[in-house]
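Participant: First, the structure itself, so that you have it in front of you.
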Amino acid sequence: MDSIKNDYFKREKQVFFQVYKRLPIVVESAVGCYIYDKNGEKYLDFLSGIAVNALGHSHPDIIEVAIDQIKKYMHISNYFYQEPQIRLAEKLTRITGYNRVFFSNSGTEATEGALKLIRRWGNKNGKKEIIAFSGGFHGRTYGALSLMDKPKYKDGMGPFLPDIKIIEYNNIRTLEENVNENTTAVVLEFIQGEGGIVEAKTDFINQIKLLKEKYNFLILDDEIQTGLGRTGKMFAYEHYNIKPDIVITAKALGGGFPLGAILSNDELANYWGIGTHGTTYGGNSVACACGSVVIDYLINGVLQKVKENGDYLKSELIKIMEKYPKLILQLRGKGLIQGLLLSFNGAILVEKLLKRKVISNYCSENVLRIIPPLIVERSDIDIFINSLDECLSQL
Ligand SMILES: Cc1ncc(COP(=O)(O)O)c(C=O)c1O
17 MDSIKNDYFK REKQVFFQVY KRLPIVVESA VGCYIYDKNG EKYLDFLSGI
67 AVNALGHSHP DIIEVAIDQI KKYMHISNYF YQEPQIRLAE KLTRITGYNR
117 VFFSNSGTEA TEGALKLIRR WGNKNGKKEI IAFSGGFHGR TYGALSLMDK
167 PKYKDGMGPF LPDIKIIEYN NIRTLEENVN ENTTAVVLEF IQGEGGIVEA
217 KTDFINQIKL LKEKYNFLIL DDEIQTGLGR TGKMFAYEHY NIKPDIVITA
267 KALGGGFPLG AILSNDELAN YWGIGTHGTT YGGNSVACAC GSVVIDYLIN
317 GVLQKVKENG DYLKSELIKI MEKYPKLILQ LRGKGLIQGL LLSFNGAILV
367 EKLLKRKVIS NYCSENVLRI IPPLIVERSD IDIFINSLDE CLSQL
């Protein structure tokens, strides 16, 4: 059987840019919280397509809605009025209170669009500098990379956008020293995902809010990973006493299809007019139709379940942390985005879990990132915790 796998590994190596560190699994199918490989092996998926498959894999309603939409039309372009797009935008505005939406294909494109909107606002209001934070992740395109500091994403690929300053996350003093009348926007994740599941401190956010009142800048909230229920609230900013000016989201939004969104109010959206921004594919009809299914499920029970199962996961992880204090240094995160800060490289644990048919992930070298589908059951969490316990007992 391994010869089948090896053949895929070989073929992949021959034809792809070698930029992905793939797991040694050749996927045949995926249902709910499980992935099945070509050898018929079943894996518990606690990565969920990197926080994309909120309703799990192959959700029957997503499949039905996608097929229905495909039969009507797939791509038609943004020259036309389309029911699936308008319906999803209406749902998004209803659940967020923002009244304008722009659809992109991906997270990084949402970042780029938001940056353009910020620049346009800044140029009209005599402000130039954008502040972003260490450890942040906003995508792989140039604007997004310009907001990030980690060399692993940027090395040798400059120059990047000017007038962006990256300062230490959660450091109030540095924030005060760097924000001023010239600040156009502060860009942040309320929980840094790729950065290692690092939560913004309440005092830090309160200070951003105070400085905004003093200097009048925009707050761009990157909810590409944390948005749409992942943290137990619809958006991570709702855990704080703040309303960002712009929210960008993606990942879970398209129910597995590529889709991102920029959300803001019309006062800001009006800084763009016809032709100032656009996309050929963004807001694809099938992706938008499926996005409405995701939102409906979130509202009708899934969000509540994330809260309950997130609390359960946390209580079980605390027990594990107490059992292995030398191996686990900290538990981080909210809802169904949690992380264990390890005293060793995360790759070791991911590999061990995989041997037990559990798919997990690590970020920032030594943080085990736990991001199961939002429809995960307690029984799945128990399997994960037991496997984790077994793996840690061997280290
Ligand atoms: C917070 C955040 N922003 C932006 C992105 C980029 O999204 P995409 O990969 O869809 O371009 C990601 C992806 O991991 C992310 O987690």
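According to the working numbering, the sequence shown is numbered sequentially starting from 17.
Virtual Cβ for every residue (Gly too), placed ideally from N, Cα, C.
DSSP puts C379 in a beta bridge; with which residues?
Facilitator: Partner(s): V383.
Participant: If I follow the unbroken beta strand (DSSP E) through E145, where does it start and stop?
Facilitator: Segment 145-149, the beta strand (DSSP E) holding E145.
Participant: Going by Cα to Cα distance, which pick from V309, L227, L226, E254 is closest to D237?
Facilitator: Checking every option, the nearest Cα to that of D237 belongs to E254.
Participant: Under a three-way DSSP split, which group does K170 fall into?
Facilitator: Three-state result, K170: helix.
Participant: Under 8 Å, with one C-beta from each stretch per pair, do the stretch 363-382 and the stretch 55-63 reach the 3-pair mark?
Facilitator: Output reads yes: the stretch 55-63 touches the stretch 363-382.
Participant: Could you tell me the alpha carbon to alpha carbon distance between I397 and G351, rounded to whole angstroms?
Facilitator: Approximately 13 Å, taken between the alpha carbons.
Participant: Assuming I336 and L408 make a contact with CB atoms under 8 Å, what is their CB distance in whole Å?
Facilitator: About 7 Å; that satisfies the 8 Å criterion.
Participant: With hydrogens ignored, establish whether the beta-carbon of G129 is closer than 7 Å to any heavy atom of ligand 1.
Facilitator: False, no ligand heavy atom lies under 7 Å from that Cβ.
Participant: Given the structure, does D238 come close to ligand 1, in the sense that its CB is under 7 Å from one of the ligand's heavy atoms?
Facilitator: Indeed, a heavy atom of ligand 1 lies less than 7 Å from the Cβ.
Participant: With the cut-off set at 8 Å, would you say M90 and S301 are in Cβ contact?
Facilitator: Yes. Within cutoff.
Participant: Compute every distance between the C-beta of A148 and the non-hydrogen atoms of ligand 1, then say whether any falls below 7 Å.
Facilitator: No, Cβ of A148 sits at least 7 Å from all heavy atoms of ligand 1.
Participant: For T124 versus A160, is the C-beta spacing smaller than 8 Å?
Facilitator: For T124 and A160, yes; Cβs fall inside 8 Å.
Participant: Could you tell me the alpha carbon to alpha carbon distance between A266 and G72, rounded to whole angstroms?
Facilitator: Near 16 Å, if we compare the C-alpha coordinates of G72 and A266.
Participant: Between the alpha carbons of T157 and N281, how many angstroms are there, rounded?
Facilitator: Taking the straight line joining both Cα atoms gives about 25 Å.
Participant: Run the proximity test for E210: is its beta-carbon closer than 7 Å to any non-hydrogen atom belonging to ligand 1?
Facilitator: E210: yes, Cβ under 7 Å from ligand 1.
Participant: Buried or exposed: which applies to P260, given that a residue is buried once 16 or more other Cβ atoms fall within 10 Å of its Cβ?
Facilitator: P260 comes out buried.
Participant: From E197 to F233, what distance separates their C-alpha atoms?
Facilitator: C-alpha separation (whole angstroms): 8 Å.
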